[in-house]
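Participant: Submitted below is the structure of interest, expressed as C-alpha coordinates.
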Amino acid sequence: MVRFLLLSVFSSLLLVSCINPNKGVEATDEPVFQTLFSPQKEDGSCYRIPAMITAANGDLIVVADERLGSCADLRTHWDINIVMRRSTDNGITWSEKEVIVDYPFGESASDPSLILDEETGVVFLFFNYMNLETEKEVYYFKYIKSADHGKSWSDPVDITSEISKPGWKKDFKFITSGRGMQTRDGRLIHTLVSLQQGLHLFGSDDHGESWYLIDTPIKPADESKVIELDDGRWMINSRVSHLGHRYVHLSSDKGASWTSFPDTSLWDPACNASLIRYAAMGEGDRNNVLLFANAFDHKERVNLTLHVSYDEGATWPSAKTVYPGGSAYVSMTLLQNGKLGILFEKDDYKEINFVLLDLTPIINESE
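In short: position in the sequence shown from 1, add 2, done, that's this note's numbering.
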(Lines of atoms letter the chains of each structure in order from A and count residues from 1; the text may use other names and numbers.)
(Lines give C-alpha, C1' and ligand atoms only; values in the text may rest on other atoms or scores of the structure.)
Protein backbone atom coordinates (compact mmCIF):
# COMPACT_ATOMS: atom_id res chain seq x y z
CA MET A 1 0.00 0.00 0.00
CA VAL A 2 1.34 3.37 -0.97
CA ARG A 3 1.54 5.95 1.78
CA PHE A 4 3.30 9.21 2.44
CA LEU A 5 5.65 10.20 5.21
CA LEU A 6 6.10 13.81 6.18
CA LEU A 7 9.60 13.90 7.58
CA SER A 8 10.34 16.04 10.59
CA VAL A 9 12.70 18.38 8.83
CA PHE A 10 10.63 21.49 9.38
CA SER A 11 12.57 22.41 12.48
CA SER A 12 15.03 23.93 10.05
CA LEU A 13 12.35 26.38 8.89
CA LEU A 14 12.85 28.49 11.98
CA LEU A 15 16.08 29.93 10.59
CA VAL A 16 15.53 33.56 9.67
CA SER A 17 18.13 35.31 7.57
CA CYS A 18 18.33 39.05 6.99
CA ILE A 19 19.52 39.16 3.40
CA ASN A 20 19.25 41.40 0.39
CA PRO A 21 16.92 39.58 -2.06
CA ASN A 22 18.46 41.51 -4.96
CA LYS A 23 21.80 39.82 -4.26
CA GLY A 24 20.29 36.37 -3.95
CA VAL A 25 20.74 33.59 -1.44
CA GLU A 26 23.67 31.26 -1.04
CA ALA A 27 23.21 27.55 -1.61
CA THR A 28 22.22 25.92 1.67
CA ASP A 29 20.16 23.07 3.03
CA GLU A 30 18.40 25.52 5.33
CA PRO A 31 15.41 27.53 4.07
CA VAL A 32 16.02 31.28 4.10
CA PHE A 33 13.43 33.99 4.64
CA GLN A 34 13.74 36.91 2.21
CA THR A 35 12.06 40.27 2.82
CA LEU A 36 10.46 41.31 -0.48
CA PHE A 37 8.31 44.22 0.69
CA SER A 38 8.87 46.48 3.71
CA PRO A 39 8.12 50.18 4.30
CA GLN A 40 11.07 52.54 3.94
CA LYS A 41 9.46 55.37 5.91
CA GLU A 42 8.06 55.40 9.43
CA ASP A 43 4.89 57.22 8.37
CA GLY A 44 2.35 54.46 8.89
CA SER A 45 2.81 53.02 5.40
CA CYS A 46 2.76 49.26 4.99
CA TYR A 47 2.68 46.44 2.49
CA ARG A 48 -0.16 43.97 2.79
CA ILE A 49 -2.13 41.29 0.93
CA PRO A 50 0.50 39.12 -0.82
CA ALA A 51 -0.26 37.09 -3.93
CA MET A 52 2.06 34.92 -5.97
CA ILE A 53 2.03 32.68 -9.03
CA THR A 54 4.44 30.84 -11.31
CA ALA A 55 4.22 32.10 -14.89
CA ALA A 56 4.19 29.74 -17.86
CA ASN A 57 7.91 30.26 -18.47
CA GLY A 58 8.78 29.58 -14.83
CA ASP A 59 9.17 33.18 -13.68
CA LEU A 60 7.78 33.98 -10.25
CA ILE A 61 5.40 36.93 -9.95
CA VAL A 62 4.71 38.37 -6.50
CA VAL A 63 2.35 41.28 -5.90
CA ALA A 64 0.99 43.17 -2.89
CA ASP A 65 -0.80 46.29 -1.72
CA GLU A 66 1.42 49.34 -1.23
CA ARG A 67 -0.52 51.35 1.35
CA LEU A 68 0.99 54.82 1.56
CA GLY A 69 0.83 56.83 4.77
CA SER A 70 -1.50 54.39 6.49
CA CYS A 71 -2.17 50.66 6.73
CA ALA A 72 -5.94 51.09 6.49
CA ASP A 73 -8.06 48.99 4.14
CA LEU A 74 -9.61 50.05 0.84
CA ARG A 75 -12.81 51.50 2.35
CA THR A 76 -10.91 54.31 4.11
CA HIS A 77 -7.56 54.56 2.30
CA TRP A 78 -7.04 57.24 -0.34
CA ASP A 79 -3.78 55.95 -1.79
CA ILE A 80 -3.20 52.21 -2.29
CA ASN A 81 -1.13 50.98 -5.22
CA ILE A 82 -0.36 47.44 -6.35
CA VAL A 83 3.32 46.61 -6.62
CA MET A 84 5.20 43.67 -8.12
CA ARG A 85 8.54 41.91 -8.03
CA ARG A 86 9.65 39.11 -10.33
CA SER A 87 12.21 36.33 -10.16
CA THR A 88 13.65 34.61 -13.22
CA ASP A 89 15.80 32.14 -11.25
CA ASN A 90 13.32 30.29 -9.05
CA GLY A 91 13.26 32.77 -6.21
CA ILE A 92 17.00 33.24 -5.73
CA THR A 93 17.11 36.88 -6.86
CA TRP A 94 14.35 39.42 -7.46
CA SER A 95 13.73 42.46 -9.60
CA GLU A 96 13.31 45.85 -8.02
CA LYS A 97 9.83 46.80 -6.86
CA GLU A 98 7.60 48.04 -9.68
CA VAL A 99 4.28 49.84 -9.31
CA ILE A 100 1.87 48.22 -11.77
CA VAL A 101 -1.48 49.71 -10.65
CA ASP A 102 -1.43 53.37 -9.59
CA TYR A 103 -4.48 55.65 -9.64
CA PRO A 104 -4.57 59.35 -8.71
CA PHE A 105 -4.87 60.25 -5.04
CA GLY A 106 -8.41 59.53 -3.89
CA GLU A 107 -8.65 56.36 -5.98
CA SER A 108 -7.23 53.09 -4.66
CA ALA A 109 -6.63 49.52 -5.85
CA SER A 110 -6.36 46.69 -3.36
CA ASP A 111 -6.45 42.94 -2.66
CA PRO A 112 -4.54 41.54 -5.65
CA SER A 113 -5.10 37.99 -6.84
CA LEU A 114 -3.70 35.98 -9.72
CA ILE A 115 -4.74 33.28 -12.18
CA LEU A 116 -2.52 31.73 -14.85
CA ASP A 117 -4.30 30.53 -17.97
CA GLU A 118 -2.09 27.53 -18.69
CA GLU A 119 -3.50 27.17 -22.21
CA THR A 120 -2.60 30.70 -23.35
CA GLY A 121 0.15 31.66 -20.89
CA VAL A 122 -1.72 34.83 -19.92
CA VAL A 123 -1.58 35.92 -16.27
CA PHE A 124 -4.63 37.73 -14.88
CA LEU A 125 -4.26 40.06 -11.91
CA PHE A 126 -7.58 40.95 -10.28
CA PHE A 127 -8.08 43.78 -7.81
CA ASN A 128 -10.79 45.77 -6.04
CA TYR A 129 -11.11 49.46 -6.86
CA MET A 130 -12.72 52.38 -5.06
CA ASN A 131 -12.99 56.10 -5.80
CA LEU A 132 -13.21 57.74 -2.40
CA GLU A 133 -13.72 61.15 -4.00
CA THR A 134 -16.94 60.30 -5.83
CA GLU A 135 -18.27 56.91 -4.65
CA LYS A 136 -16.96 56.12 -1.21
CA GLU A 137 -17.67 52.53 -0.10
CA VAL A 138 -18.69 51.45 -3.61
CA TYR A 139 -16.50 48.58 -4.82
CA TYR A 140 -15.59 47.91 -8.43
CA PHE A 141 -13.89 44.79 -9.77
CA LYS A 142 -11.07 45.08 -12.28
CA TYR A 143 -8.17 43.15 -13.74
CA ILE A 144 -5.02 43.70 -15.70
CA LYS A 145 -3.33 40.94 -17.67
CA SER A 146 0.12 40.07 -18.92
CA ALA A 147 0.97 38.06 -22.03
CA ASP A 148 4.72 38.12 -21.37
CA HIS A 149 5.02 36.53 -17.91
CA GLY A 150 4.64 39.76 -15.97
CA LYS A 151 7.10 41.92 -17.91
CA SER A 152 4.29 44.24 -19.03
CA TRP A 153 0.62 44.64 -18.17
CA SER A 154 -2.53 45.79 -19.94
CA ASP A 155 -4.67 48.72 -18.92
CA PRO A 156 -7.31 47.89 -16.27
CA VAL A 157 -10.55 46.26 -17.42
CA ASP A 158 -13.72 46.74 -15.34
CA ILE A 159 -15.80 43.55 -15.00
CA THR A 160 -18.11 44.70 -12.19
CA SER A 161 -21.26 44.49 -14.32
CA GLU A 162 -20.36 40.98 -15.50
CA ILE A 163 -19.73 39.36 -12.12
CA SER A 164 -21.94 41.40 -9.78
CA LYS A 165 -25.55 42.58 -9.65
CA PRO A 166 -26.97 46.13 -9.66
CA GLY A 167 -28.59 45.49 -6.29
CA TRP A 168 -25.19 44.74 -4.79
CA LYS A 169 -23.77 48.18 -5.59
CA LYS A 170 -23.44 49.35 -2.00
CA ASP A 171 -22.63 45.93 -0.52
CA PHE A 172 -19.34 45.32 1.24
CA LYS A 173 -17.94 43.06 -1.47
CA PHE A 174 -14.56 42.10 -2.87
CA ILE A 175 -12.69 39.60 -5.00
CA THR A 176 -10.67 37.39 -2.67
CA SER A 177 -6.95 38.11 -2.66
CA GLY A 178 -4.41 35.37 -3.40
CA ARG A 179 -5.27 33.26 -6.42
CA GLY A 180 -8.04 31.55 -8.33
CA MET A 181 -7.87 28.35 -10.38
CA GLN A 182 -8.13 26.86 -13.84
CA THR A 183 -10.05 23.61 -14.24
CA ARG A 184 -8.89 20.74 -16.42
CA ASP A 185 -11.33 21.78 -19.13
CA GLY A 186 -9.80 25.27 -19.26
CA ARG A 187 -12.36 27.24 -17.27
CA LEU A 188 -11.03 30.10 -15.12
CA ILE A 189 -12.71 30.22 -11.69
CA HIS A 190 -12.33 32.67 -8.79
CA THR A 191 -14.10 33.67 -5.57
CA LEU A 192 -16.06 36.83 -4.79
CA VAL A 193 -17.30 37.72 -1.30
CA SER A 194 -20.26 39.91 -0.38
CA LEU A 195 -20.79 40.18 3.35
CA GLN A 196 -24.49 40.69 2.61
CA GLN A 197 -24.97 38.10 -0.18
CA GLY A 198 -22.44 35.41 0.73
CA LEU A 199 -19.55 33.91 -1.18
CA HIS A 200 -19.97 33.43 -4.94
CA LEU A 201 -17.82 32.07 -7.70
CA PHE A 202 -17.23 33.83 -10.99
CA GLY A 203 -15.52 32.54 -14.08
CA SER A 204 -14.66 32.64 -17.75
CA ASP A 205 -15.03 29.97 -20.43
CA ASP A 206 -13.25 31.93 -23.17
CA HIS A 207 -9.83 32.67 -21.67
CA GLY A 208 -10.91 35.91 -20.05
CA GLU A 209 -12.66 37.52 -23.01
CA SER A 210 -15.86 37.58 -20.96
CA TRP A 211 -16.78 36.79 -17.35
CA TYR A 212 -19.91 35.57 -15.58
CA LEU A 213 -21.26 35.11 -12.06
CA ILE A 214 -22.21 31.67 -10.75
CA ASP A 215 -25.31 32.81 -8.89
CA THR A 216 -25.28 30.37 -5.97
CA PRO A 217 -24.55 31.87 -2.54
CA ILE A 218 -22.20 29.87 -0.33
CA LYS A 219 -22.33 30.32 3.45
CA PRO A 220 -20.67 30.58 5.88
CA ALA A 221 -17.67 31.96 4.05
CA ASP A 222 -15.42 35.00 3.90
CA GLU A 223 -12.13 35.04 1.95
CA SER A 224 -11.90 31.62 0.32
CA LYS A 225 -9.81 29.42 -1.94
CA VAL A 226 -11.25 27.12 -4.59
CA ILE A 227 -9.60 24.06 -6.10
CA GLU A 228 -10.65 21.26 -8.45
CA LEU A 229 -10.42 17.80 -6.91
CA ASP A 230 -9.07 14.85 -8.83
CA ASP A 231 -12.57 13.43 -9.34
CA GLY A 232 -13.81 16.69 -10.87
CA ARG A 233 -15.60 18.10 -7.84
CA TRP A 234 -14.83 21.62 -6.68
CA MET A 235 -13.75 22.31 -3.13
CA ILE A 236 -13.75 25.67 -1.36
CA ASN A 237 -11.82 26.22 1.86
CA SER A 238 -13.12 29.30 3.68
CA ARG A 239 -12.23 31.78 6.33
CA VAL A 240 -15.12 32.29 8.76
CA SER A 241 -15.49 34.61 11.73
CA HIS A 242 -15.70 33.72 15.44
CA LEU A 243 -15.37 29.94 15.04
CA GLY A 244 -11.63 29.39 15.38
CA HIS A 245 -11.44 26.99 12.42
CA ARG A 246 -12.01 26.69 8.67
CA TYR A 247 -15.15 25.77 6.73
CA VAL A 248 -15.28 23.52 3.64
CA HIS A 249 -17.77 23.52 0.76
CA LEU A 250 -18.02 20.80 -1.92
CA SER A 251 -19.79 20.88 -5.29
CA SER A 252 -20.26 18.02 -7.75
CA ASP A 253 -22.16 20.12 -10.30
CA LYS A 254 -19.71 22.91 -11.17
CA GLY A 255 -20.90 25.26 -8.45
CA ALA A 256 -24.67 24.98 -8.93
CA SER A 257 -25.10 23.50 -5.43
CA TRP A 258 -22.89 22.96 -2.40
CA THR A 259 -22.52 20.76 0.66
CA SER A 260 -20.92 22.62 3.57
CA PHE A 261 -19.29 21.49 6.81
CA PRO A 262 -16.75 22.73 9.37
CA ASP A 263 -13.19 21.45 9.43
CA THR A 264 -12.29 21.73 13.10
CA SER A 265 -8.86 20.20 12.49
CA LEU A 266 -7.77 23.33 10.61
CA TRP A 267 -7.56 25.93 13.36
CA ASP A 268 -7.85 29.44 12.01
CA PRO A 269 -8.12 32.94 13.54
CA ALA A 270 -10.30 34.22 10.66
CA CYS A 271 -7.53 34.96 8.18
CA ASN A 272 -6.88 34.49 4.49
CA ALA A 273 -5.02 31.28 3.63
CA SER A 274 -3.56 29.43 0.63
CA LEU A 275 -4.56 26.13 -1.00
CA ILE A 276 -2.75 24.55 -3.95
CA ARG A 277 -2.26 21.15 -5.53
CA TYR A 278 1.07 19.34 -5.33
CA ALA A 279 0.15 16.13 -7.19
CA ALA A 280 -2.86 14.61 -8.98
CA MET A 281 -3.38 11.06 -10.16
CA GLY A 282 -5.56 12.39 -12.96
CA GLU A 283 -2.55 14.28 -14.29
CA GLY A 284 -0.27 11.24 -14.22
CA ASP A 285 1.09 11.52 -10.70
CA ARG A 286 1.28 8.50 -8.45
CA ASN A 287 -0.88 10.00 -5.72
CA ASN A 288 -3.07 12.97 -4.86
CA VAL A 289 -1.49 15.61 -2.61
CA LEU A 290 -2.87 19.01 -1.56
CA LEU A 291 -0.99 21.71 0.33
CA PHE A 292 -2.65 24.23 2.64
CA ALA A 293 -0.96 27.07 4.54
CA ASN A 294 -2.46 29.35 7.17
CA ALA A 295 -2.00 31.04 10.52
CA PHE A 296 -2.67 27.89 12.52
CA ASP A 297 -4.19 29.22 15.73
CA HIS A 298 -7.71 29.54 17.15
CA LYS A 299 -7.48 33.27 17.88
CA GLU A 300 -4.21 34.94 16.92
CA ARG A 301 -2.57 35.52 13.53
CA VAL A 302 0.56 33.55 14.37
CA ASN A 303 2.14 30.17 13.64
CA LEU A 304 2.33 29.95 9.85
CA THR A 305 1.88 26.25 9.18
CA LEU A 306 2.04 24.01 6.12
CA HIS A 307 -0.55 21.21 6.10
CA VAL A 308 -0.49 18.20 3.77
CA SER A 309 -3.49 16.12 2.65
CA TYR A 310 -3.27 12.79 0.85
CA ASP A 311 -7.05 12.30 0.45
CA GLU A 312 -8.14 15.45 -1.41
CA GLY A 313 -8.63 17.57 1.67
CA ALA A 314 -10.75 15.13 3.67
CA THR A 315 -8.03 15.04 6.33
CA TRP A 316 -4.80 16.94 6.97
CA PRO A 317 -2.68 14.47 8.95
CA SER A 318 0.63 16.29 8.57
CA ALA A 319 1.25 19.82 9.78
CA LYS A 320 4.55 21.54 10.47
CA THR A 321 5.37 25.07 11.53
CA VAL A 322 7.03 27.31 8.95
CA TYR A 323 7.22 30.44 11.13
CA PRO A 324 5.94 30.50 14.74
CA GLY A 325 5.69 34.27 15.11
CA GLY A 326 3.26 36.81 13.73
CA SER A 327 1.95 35.61 10.35
CA ALA A 328 -1.23 36.53 8.53
CA TYR A 329 -2.18 36.43 4.82
CA VAL A 330 -0.24 33.84 2.83
CA SER A 331 0.14 32.73 -0.79
CA MET A 332 1.88 29.62 -2.15
CA THR A 333 3.11 28.49 -5.56
CA LEU A 334 4.98 25.50 -6.95
CA LEU A 335 8.13 26.37 -8.87
CA GLN A 336 9.16 24.68 -12.08
CA ASN A 337 12.09 23.07 -10.26
CA GLY A 338 9.68 21.33 -7.89
CA LYS A 339 10.25 23.55 -4.88
CA LEU A 340 7.55 25.40 -2.97
CA GLY A 341 7.43 29.16 -2.57
CA ILE A 342 5.56 30.73 0.35
CA LEU A 343 4.86 34.47 0.52
CA PHE A 344 3.39 35.78 3.77
CA GLU A 345 2.75 38.77 6.00
CA LYS A 346 5.26 38.61 8.85
CA ASP A 347 5.46 40.07 12.36
CA ASP A 348 2.24 42.07 12.60
CA TYR A 349 2.35 43.30 8.97
CA LYS A 350 5.82 44.83 9.31
CA GLU A 351 6.97 43.15 6.09
CA ILE A 352 6.15 40.54 3.48
CA ASN A 353 8.56 37.61 3.38
CA PHE A 354 9.28 34.86 0.86
CA VAL A 355 10.61 31.46 1.84
CA LEU A 356 11.68 28.71 -0.55
CA LEU A 357 11.20 25.08 0.53
CA ASP A 358 12.53 21.87 -0.96
CA LEU A 359 9.62 19.44 -0.81
CA THR A 360 11.70 16.38 -1.69
CA PRO A 361 12.63 15.51 1.90
CA ILE A 362 9.25 16.66 3.19
CA ILE A 363 6.90 14.56 1.08
CA ASN A 364 8.29 11.07 0.52
CA GLU A 365 6.54 8.17 -1.17
CA SER A 366 7.20 4.73 0.28
CA GLU A 367 5.73 1.26 0.03
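The C-beta atom is built at its ideal place from N, Cα and C for all residues, glycine as well.
Is the beta carbon of F294 closer than 8 Å to that of W269?
Facilitator: No, they are not a contact pair.
Participant: Go to T162, then tell me how far its alpha helix (DSSP H) extends in each direction, as first and last residue.
Facilitator: Unbroken alpha helix (DSSP H) run through T162: 162-165.
Participant: Throw me the rounded Cβ distance for the L197 and F204 pair, which I believe falls under 8 Å.
Facilitator: In fact, because the Cβ distance is near 17 Å, the residues do not count as touching under 8 Å.
Participant: Verify whether the separation of the beta carbon atoms of F35 and V357 is less than 8 Å.
Facilitator: Cβ distance < 8 Å, so F35 and V357 count as in contact.
Participant: Label R186 either buried or exposed according to how many other C-beta atoms from any shown protein chain fall within 10 Å of its C-beta, with 16 as the threshold for buried.
Facilitator: With fewer than 16 other Cβ atoms within 10 Å, it is exposed.
Participant: From which residue to which residue does the beta strand (DSSP E) around Y325 run?
Facilitator: Per DSSP, Y325 belongs to the beta strand (DSSP E) from 320-336.
Participant: Use the C-beta contact count for N290: other C-beta atoms within 10 angstroms, 16 or more gives buried, fewer gives exposed.
Facilitator: By the 10 Å Cβ count, N290 comes out buried.
Participant: Please list the terminal residues of the continuous beta strand (DSSP E) segment that includes S110.
Facilitator: Start and end: 109-118.
Participant: Counting beta carbon pairs with one atom in the region 73-84 and one in the region 147-157, are three or more of them shorter than 8 Å?
Facilitator: Contact between the region 147-157 and the region 73-84 is absent, because fewer than three Cβ pairs lie under 8 Å.
Participant: Give the DSSP-derived three-state secondary structure of D232 in the structure shown.
Facilitator: Correct three-state label for D232: coil.
Participant: Where DSSP assigns a beta bridge to D265, which residues make up the other side?
Facilitator: DSSP output for D265 lists R248 as bridge partner(s).
Participant: When the distance is taken between beta carbons, is L190 closer than 8 Å to D119?
Facilitator: Their beta carbons are under 8 Å apart, which means D119 touches L190 by this criterion.
Participant: Determine which residues share a DSSP beta bridge with K227 and list them.
Facilitator: Note: K227 sits in a beta bridge opposite N239.
Participant: Measuring CB to CB, does K322 end up less than 8 Å from T335?
Facilitator: No, Cβ-Cβ distance for K322 and T335 is not below 8 Å.
Participant: Going by alpha carbons, who is nearest to T37 out of P168, A223, D287, R50?
Facilitator: For the residues P168, A223, D287, R50, the minimum Cα distance to T37 belongs to R50.
Participant: Give the DSSP-derived three-state secondary structure of P222 in the structure shown.
Facilitator: The answer is coil: DSSP assigns P222 none of H, G, I, E or B.
Participant: In this structure, how does DSSP classify P52 when only helix, strand and coil are distinguished?
Facilitator: DSSP places P52 in strand when its eight states are reduced to three.
Participant: Is there contact between the region 132-142 and the region 63-75, where contact requires at least three CB pairs shorter than 8 Å?
Facilitator: Too few Cβ pairs lie closer than 8 Å, so no.
Participant: State buried or exposed for T261, treating a residue as buried only when at least 16 other CB atoms are found within 10 Å of its CB.
Facilitator: Looking at its Cβ environment, which holds fewer than 16 other Cβ atoms inside 10 Å, T261 is exposed.
Participant: Report, in whole angstroms, the separation of the C-beta atoms of H192 and F129, which I expect to be a contact under 8 Å.
Facilitator: With a Cβ gap of about 12 Å, H192 and F129 do not count as contacting.
Participant: Between the region 225-236 and the region 153-168, do at least 3 Cβ pairs fall closer than 8 Å?
Facilitator: No, because fewer than three Cβ pairs between the region 225-236 and the region 153-168 fall closer than 8 Å, the two stretches do not touch.
Participant: Out of F107, P222, H151, which one is the CA nearest neighbour of D61?
Facilitator: Out of F107, P222, H151, H151 has the C-alpha closest to the C-alpha of D61.
Participant: Could you name the residues of the same chain whose beta carbon sits closer than 6 Å to that of N92, not counting the 5 residues immediately before and after it, in chain order?
Facilitator: Correct list, in chain order: L337, N339.
Participant: Among T162, S206, I278, which residue has its Cα nearest to the Cα of G315?
Facilitator: Nearest of T162, S206, I278 to G315, Cα basis: I278.
Participant: State buried or exposed for K172, treating a residue as buried only when at least 16 other CB atoms are found within 10 Å of its CB.
Facilitator: Exposed.
Participant: How long is the line joining the alpha carbons of I354 and L194, rounded to whole angstroms?
Facilitator: So the alpha carbons of these two residues sit roughly 24 Å apart.
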